[in-house]
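**Student:** This is the structure, below, for whatever I ask next.
Residue numbers (UniProt numbering): 1 to 332.
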């Protein structure tokens, strides 16, 4: 079963997801293990990663490196771009043998995982206001790419009594339970944790002032594998048939090409046409799946079902008439 009919609990949702073409996983009593992304699942993960790195509208975001300390990333950004605050620096880090809590019921064990983070440097006087704005933007970001935008919410804020670090999490409701997706932490300018990260990095208080001070830092962090799992679970719970629905910006392939001929002798020409169209579309940066070589005589319905199962939103159907007139190409 691919669709959401009959799926009533989080465990059932994971069991249905286990049979998808995106992920493979094992289920223990309170553990999700053996988690692996298929090739198409990795493409979905990469698209999610790219969207995260774009940052939020109105705030400059720069790409950092996990191979050097944060203070060196900041020095490079300052010397190269000399940005005004607020601005962000994104970093991707790998980890091995990690345990990521999904909710109160399940923990995800990962042999290999990736953490994406964006650190926003902020004027301390406007840090709380900035955090409130970003947490709303992050919730909207998740809503934008979901089948069910109403499933996302922001947790109640917390503040550590000793460090005064404020934090909230972005969560979703799936299968009657909550799934933790993203954490936002606001570090005050005098936080001890910033000594190592910022070093002697300082910001100008105003455009005309010579006074400089240490900024506050808002860190937004997510596990990329959990984010990918969220997209797949959302598609499964929201679907009512054999079609997996994923946002067009995230789906691994934007279009599939299928050949169907009444005359087997014309199939080689149709396949050549399919290859030509694939090359044209790929040069336009449109990821295309060419199904012309692997249809194996399958019916059109089965080929479309395969494309639906991997969330391909459009299909070009090439028939015999296309060899005389491309106007006969059909889009599904």
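The beta-carbon is built from N, C-alpha and C at its ideal position, and this holds for glycine as well.
Roughly how many angstroms separate the alpha carbons of residue 103 and residue 153, rounded to a whole number?
**Tutor:** Stepping through the chain shown from its first residue, residue 103 is reached at position 103. Stepping through the chain shown from its first residue, residue 153 is reached at position 153. Near 14 Å, if we compare the C-alpha coordinates of residue 153 and residue 103.
**Student:** Any chance you could list the beta strand (DSSP E) runs of at least 3 consecutive residues sitting entirely within the region 89-131, in chain order?
**Tutor:** Listed in chain order, they are 107-122.
**Student:** Would a C-beta distance cut-off of 8 Å place residue 286 and residue 222 closer than the cut-off?
**Tutor:** Translated into the one-based positions of the chain shown, residue 286 becomes position 286. Translated into the one-based positions of the chain shown, residue 222 becomes position 222. Result no, Cβ atoms of residue 286 and residue 222 do not sit closer than 8 Å.
**Student:** With distances taken between CB atoms, is the gap from residue 225 to residue 113 smaller than 8 Å?
**Tutor:** Here residue 225 refers to the residue found at position 225 when the chain shown is read from its first residue. Here residue 113 refers to the residue found at position 113 when the chain shown is read from its first residue. Going by C-beta atoms, residue 225 is nearer than 8 Å to residue 113.
**Student:** If you follow the alpha helix (DSSP H) that residue 315 is part of, which residue opens it and which one closes it?
**Tutor:** By 1-based counting over the chain shown, the position of residue 315 is 315. Per DSSP, residue 315 belongs to no alpha helix (DSSP H); it is in the beta strand (DSSP E), 314-318.
**Student:** In this structure, does DSSP put residue 278 in helix, strand or coil?
**Tutor:** For the purposes of this step, residue 278 is taken as the residue at position 278 of the chain shown. Residue 278: helix per DSSP, three-state reduction.
**Student:** Taking residue 80 and residue 64 to be in contact with their CB atoms under 8 Å, please state how far apart those CB atoms are, rounded to whole angstroms.
**Tutor:** Within the chain shown, numbered from 1, the residue matching residue 80 stands at position 80. Within the chain shown, numbered from 1, the residue matching residue 64 stands at position 64. Not really, about 12 Å apart at Cβ, beyond 8 Å.
**Student:** Name, in chain order, the residues that DSSP records as bridge partners for residue 203.
**Tutor:** Position 203 of the chain shown, counting from 1, holds the residue named residue 203. For residue 203, which the question treats as bridged, DSSP gives the partners 213.
**Student:** Put residue 19 into one of helix, strand or coil per three-state DSSP.
**Tutor:** As a first step, residue 19 must be located in the chain shown, where it is residue number 19. In the structure shown, residue 19 sits in coil (DSSP, three-state: anything other than H, G, I, E or B).
**Student:** Residues in the same chain with beta-carbon distance under 6 Å from residue 6, minus the five sequence neighbours each way, listed in chain order, please.
**Tutor:** The residue labelled residue 6 in the question sits at position 6 within the chain shown. Confidence at residue 6 is low in this model, with a pLDDT of 48, below 50, so its placement is unreliable and the value that follows should be read with caution. So the list is empty, once near-sequence residues are dropped.
**Student:** Counting only beta-carbon separations shorter than 8 Å, does residue 160 have a partner in chain D?
**Tutor:** The displayed structure is made up of one protein chain only, and chain D is not part of it.
**Student:** Taking all protein chains shown into account, decide if residue 135 is buried (16 or more other Cβ within 10 angstroms of its Cβ) or exposed.
**Tutor:** Working through the chain shown from its first residue, we reach residue 135 at position 135. Residue 135 should be labelled buried.
**Student:** Of the residues 194, 57, 142, which one's Cα is nearest the Cα of residue 227?
**Tutor:** Looking up residue 227 in the chain shown gives position 227. Comparing Cα positions, the closest option is 142.
**Student:** Could you name the residues that DSSP lists as bridge partners for residue 187?
**Tutor:** Here residue 187 refers to the residue found at position 187 of the chain shown. Paired residue(s): 217.
**Student:** Give a yes or no on contact between the region 248-257 and the region 199-218, applying the rule of three or more CB pairs nearer than 8 Å.
**Tutor:** Segments in contact, no.
**Student:** Tell me where the alpha helix (DSSP H) around residue 54 begins and ends.
**Tutor:** The count along the chain shown starts at 1 and reaches residue 54 at position 54. That residue, residue 54, is in no alpha helix (DSSP H); it is neither H nor E in DSSP.
**Student:** Is it true that the CB of residue 304 sits closer than 8 Å to the CB of residue 270?
**Tutor:** Reading the chain shown from its first residue, position 270 is the one you call residue 270. Reading the chain shown from its first residue, position 304 is the one you call residue 304. Result no, Cβ atoms of residue 270 and residue 304 do not sit closer than 8 Å.
**Student:** Relative to the C-alpha of residue 70, which candidate in 54, 313, 260, 198 has its C-alpha closest?
**Tutor:** Residue mapping note: residue 70 aligns to position 70 of the chain shown, counting from 1. Looking at the Cα atoms, 198 is the closest of the given residues.
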